[in-house]
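K.L.:
Protein chains in written order, with the working numbering: chain U, 154 to 263; chain S, 6 to 118.
Below is the structure:
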C-alpha cells in the first residue's frame, strides 16, 4: 500500500534560518508528489509539485527516487511561512486520489 | 480562479442525526473528494467521485455515504452521526489528468454532541 511519512509533527525555526521538512513515501511505481500548505484560517492550497521543478515562495523540493523522498526546503525562513505543511502522493492508478502525510506544523519565530 | 464552496463553516449536531455536508465547485472538474482532517492524522479520504452518479470508497468510508447527482455538487452524508465523527471535513475537486492539483474548500468543522 502507498504511504507518506512526515516524521516531524512540529518544526520550530528562527527567522532567517534554513528550514527543511522531510517527506518519505512508499510506492513501487512512478509517483507524483505534491506539497500543500494551510496558513492559519485559510484553505489548504497547493504549494508546489515535483513535475514543475519550480520555486514557490522560496521553497523547493526535489524528488529523490532512490531515497523515496520529497523533502521541502527553504534557505531563509520568514514569519509568514508559519503554517501546516502536508506532503501528498498520487499514484498512476489512483483516479487522482491523493495519499497525504500527517503534516508538519512550522513555526517561525522572530 | 477555482472556487470550491462548502455550505457551512461550523455545524453542531446530535448523535443519531442524519447530517448532510454540501460541496459545490465551479470549474467543471470531473473529480471530487471528501476528506476528514484530524490532528496527527493528516487528511484521510472518505469517498471520491470521478463522474456524475459514480462514487468510490476511500480509506475510511464507514459511517458515511455520498451523492453526486450533478457534476458540480458532491454531498457527504453521515447516516447516523456519532461523536467520533466530530472533525474538520474538507471537500476538494480536480481534473483527472496527471499532476492535476486538487482544489480545496474552506472546510466544515462538525461537532457531534
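Cβ atoms here follow ideal geometry from the backbone N, Cα and C, with glycine treated the same way. These figures come from a predicted structure and were not determined experimentally.
Please state whether DSSP places residue 43 of chain S in a helix, a strand or coil.
P.N.:
Correct three-state label for residue 43 of chain S: strand.
K.L.:
Once the 5 residues before and after residue 62 of chain S are set aside, which same chain residues still bring their CB inside 7 Å of it?
P.N.:
Correct list, in chain order: 52.
K.L.:
Check this for me: beta carbons of residue 202 of chain U and residue 187 of chain U, under 7 Å apart or not?
P.N.:
For residue 202 of chain U and residue 187 of chain U, yes; Cβs fall inside 7 Å.
K.L.:
In three-state terms, what does DSSP make of residue 90 of chain S?
P.N.:
In the structure shown, residue 90 of chain S sits in a helix (DSSP, three-state: H, G or I).
K.L.:
For residue 224 of chain U, which three-state DSSP category applies?
P.N.:
Looking at residue 224 of chain U - three-state DSSP - the assignment turns out to be coil, as it is neither helix nor strand.
K.L.:
Any beta carbon of chain U sitting closer than 7 Å to that of residue 94 of chain S?
P.N.:
It does not; no Cβ of chain U falls within 7 Å.
K.L.:
Here's the rule: buried if 16 or more other CB atoms are within 10 angstroms of the residue's CB, otherwise exposed. What is residue 254 of chain U?
P.N.:
So residue 254 of chain U ends up on the buried side.
K.L.:
Of all the options U/185, U/231, U/256, which has the alpha carbon lying nearest to the alpha carbon of residue 205 of chain U?
P.N.:
When only C-alpha atoms are compared, the closest one is U/185.
K.L.:
Where does residue 65 of chain S fall in DSSP's three states?
P.N.:
Coil at residue 65 of chain S, not helix or strand.
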